[in-house]
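When you line the sequence shown up against our numbering, it's residues 11 to 504, in that order.
Here a beta-carbon is modelled for each residue, glycine too, at the ideal position from N, C-alpha and C.
Before any comments, here is the structure.
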Amino acid sequence: MMKVSRLALLGLLLTLVFSSSIMAQDEAPAFVVPLDHAHAPFLESYNFAVAQGATAEWRKMEGVAVDAVNNKLYIAISEVGKGMSDGEGEIQLAENPCGAVYMADLDADMNISALAPVVIGGPYDESDSANPCSVDSIANPDNIFVDSAGALWIGEDTGEHANNMLWKWDGVELKRFATLPAGSEVTGLHISANGAVFMNVQHPDGVNIYPYNRGTIGIITGFAATDDFESIDVPSGNAAHVVVVAGGDYQVLGRMGSPIPNAIDAARLGQLDMADGSMDICNNPDGNMYLPVNEEGTQGYLYTNYECQPGGMSKLYISQNGDGVWDVIEGENVDLTAVGGTWNNCFSSVTPWNTGLSSEEYPFDTIDAEWQDNYTAMTDYIGTQANPYDYGYPIEVMPDSIGSTVVKHFAMGRFSHENSMIMPDAKTVYQSDDGTNRILWKFVASEAADLSAGTLYAAKVTQDGDTFHVEWIELGTGNDAEIAETIAAMDLGQ
């Protein structure tokens with residue numbers, strides 16, 4: 011019943027195309043690309059996919075990881091609730107506030123046809139105020155990554171554990187590798203080809219022990235992801251206010267608000283410069299993208315997302331010295347003006363061709379007539395009225411001789427991008443969609459190692475017990491250049 015009313019409302023709103031002329035001058039126009047527009051699959055991706063029959067019931071879809079050796083795909087579902095557990099639609103599961111990680115087999119064409127849970131959080135005990143989700147398992151999985159031995163690493167973003175944790179699952183045993191300071195979540199999980207584990211501390215409590223009273227960018231030294239270790243205890247006392255790891259040491263590469271070494275503009279990590287000259291500091295370091303420049307992987311560029319609104323990104327050149335410690339040689343905040351700024355840069359990945367792929371999360375739905383007010387922060391940042399259709403995409407970034415080249419990939423669809431993970435064929439990309447009642451996406455590039463054009467798909471699932479069989483609905487084929495022209499030609503009603 012609810013779905014019928016939502017579609018009816020959507021149909022009514024879609025008749026109001028660029029309709030500022032029928033509204034008061036001081037009222038934001040209803041700003042909707044109609045679903046019969048050639049670029050609707052890419053600009054109104056969510057609404058278009060729903061109209062085509064895609065399953066829009068997933069709750070808190072987070073990280074995506076690929077096991078290229080064993081041909082498996084993993085997707086983190088932070089919480090099984092709301093549309094997944096309301097007893098309606100294609101997904102009808104028992105509620106699990108602790109979440110789960112799902113796995114799918116990849117066929118020879120890099121396609122998946124079924125998803126099933128493999129690591130399940132809980133059980134949940136609401137009487138335990140500190141740790142409602144059992145501390146012996148995951149709670150609200152978020153960042154995930156597969157190491158070279160095929161083990162799955164799982165970082166938490168949870169209020170159901172007093173301290174968030176980083177886990178390793180080898181297919182049999184789940185072991186606790188790290189615990190984070192109070193109030194923080196695990197972000198920036200990335201494992202390089204040589205086994206170096208990157209991990210950030212996002213939005214920690216201000217009463218933690220220095221340097222963990224601000225967000226940090228970091229790496230584990232003296233340890234490789236494939237090394238064995240003993241599971242560590244749940245922290246107490248001072249240990250609850252620092253990073254504790256089971257092997258090696260956690261090295262802070264950068265702390266939000268601190269000066270970036272040898273930055274030509276004296277910039278600080280997390281710094282967001284507004285058009286009027288004012289400045290803000292984002293305390294939410296998120297996805298890490300390490301791009302090595304030598305075969306050993308001991309030198310390279312580390313890009314880190316700032317998960318704020320507006321968003322941002324830093325670039326540090328780091329080098330491992332003879333003692334195994336990493337030196338931060340120089341860095342800068344990435345200039346994002348060429349793409350009109352970015353929004354809520356979340357998790358990330360590294361492409362097979364050694365570029366970074368950031369994600370814009372939570373763009374505002376343009377069927378909301380108040381979209382103009384919602385984008386006030388972005389308008390203040392760029393100094394002109396922000397266009398909502400400029401935000402909600404994957405962003406490819408790579409170093410160049412004077413800074414970084416930054417490209418938004420409009421053809422990959424506009425929605426709440428959490429993570430885009432490219433398969434070994436360098437063409438197929440699985441994309442997660444964070445929020446409530448969201449969709450699983452797939453993009454297939456027209457050419458390998460080129461994300462500027464391709465075909466976008468949305469998943470329709472059929473449930474069989476706790477397994478979901480996946481049917482892919484083709485939404486459309488497009489390219490960045492033509493979609494960008496459509497966005498640029500829009501009248502914002504000013």
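Distance CB(G225)-CB(N294) smaller than 8 Å: yes
C-beta atoms of M299 and G366 nearer than 8 Å: yes
Buried or exposed (CB count within 10 angstroms, at least 16 for buried), L495: One detail in the question is off: residue 495 reads as Glu in this sequence, not Leu. Exposed, by the Cβ-count rule.
DSSP three-state assignment for Y220, whether helix, strand or coil: coil
Where D36 sits in the DSSP three-state scheme: With a pLDDT of 43 at D36, under the threshold of 50, the modelled position of this residue cannot be trusted; read the value that follows with caution. In this structure, D36 counts as coil in the three-state DSSP scheme.
Given I242 as reference, the closest of I227, K178 and G351 once Cα atoms are compared: K178
Separation of T65 from Q102, as counted between CA atoms: 12 Å
Closest Cα partner of S246 within the set I377, N174 and I201: N174
Coarse secondary structure for N489, derived from DSSP in three states: strand
Per-residue burial, D36 [other beta carbons within 10 Å of its own, 16 or more giving buried]: Annotation note: pLDDT 43 at D36 (below 50); position unreliable, coordinate value reported separately. So D36 counts as exposed.
Contact belief for V349 with P271 at Cβ below 8 Å, rounded distance in angstroms: Going by Cβ atoms, the distance from V349 to P271 rounds to 26 Å, so no, they are not a contact pair.
Paired residues, beta bridge with P142 - DSSP: Answer is none; P142 lacks a bridge partner.
V439 - containing beta strand (DSSP E), residue span: T438 to D443
Secondary structure of I229, DSSP reduced to three states: strand
Entirely enclosed beta strand (DSSP E) segments - the segment 90-122, minimum 3 residues: 110-115
C-alpha distance - I85 paired with L450, whole-angstrom precision: 10 Å
Bounding residues of the alpha helix (DSSP H) (the contiguous stretch that carries Y56): S55 to A61
First through last residue of the alpha helix (DSSP H) which encompasses N298: No alpha helix (DSSP H) holds N298; the beta strand (DSSP E) holding it covers P295 to P302.
Residue nearest to D333 in terms of C-alpha spacing, selected from G267, A48, Y313 and T308: T308
Residue from F187, I405, D119 and Q62 whose Cα sits closest to the Cα of N81: D119
Sheet register partners of V338 (DSSP bridge): I328
Unbroken alpha helix (DSSP H) run spanning I274, endpoints: From DSSP, I274 is part of no alpha helix (DSSP H); its letter is neither H nor E.
Given 8 Å, three or more beta-carbon pairs between the segment 276-293 and the segment 308-320: yes
Inter-residue Cα distance where the pair is G91 and Y260: 34 Å
Rounded C-alpha distance that separates T389 from A396: 5 Å
Run of the alpha helix (DSSP H) containing W163, from where it starts to where it stops: Taken as a continuous stretch (DSSP letters only), W163 belongs to no alpha helix (DSSP H), being part of the beta strand (DSSP E) at L162 to E166.
N-terminal and C-terminal residue of the beta strand (DSSP E) that N210 is part of: V207 to Q212
Buried versus exposed, by CB contacts within 10 Å (16 or more), I274: exposed
For S359, the residue or residues it bridges with in DSSP: L367
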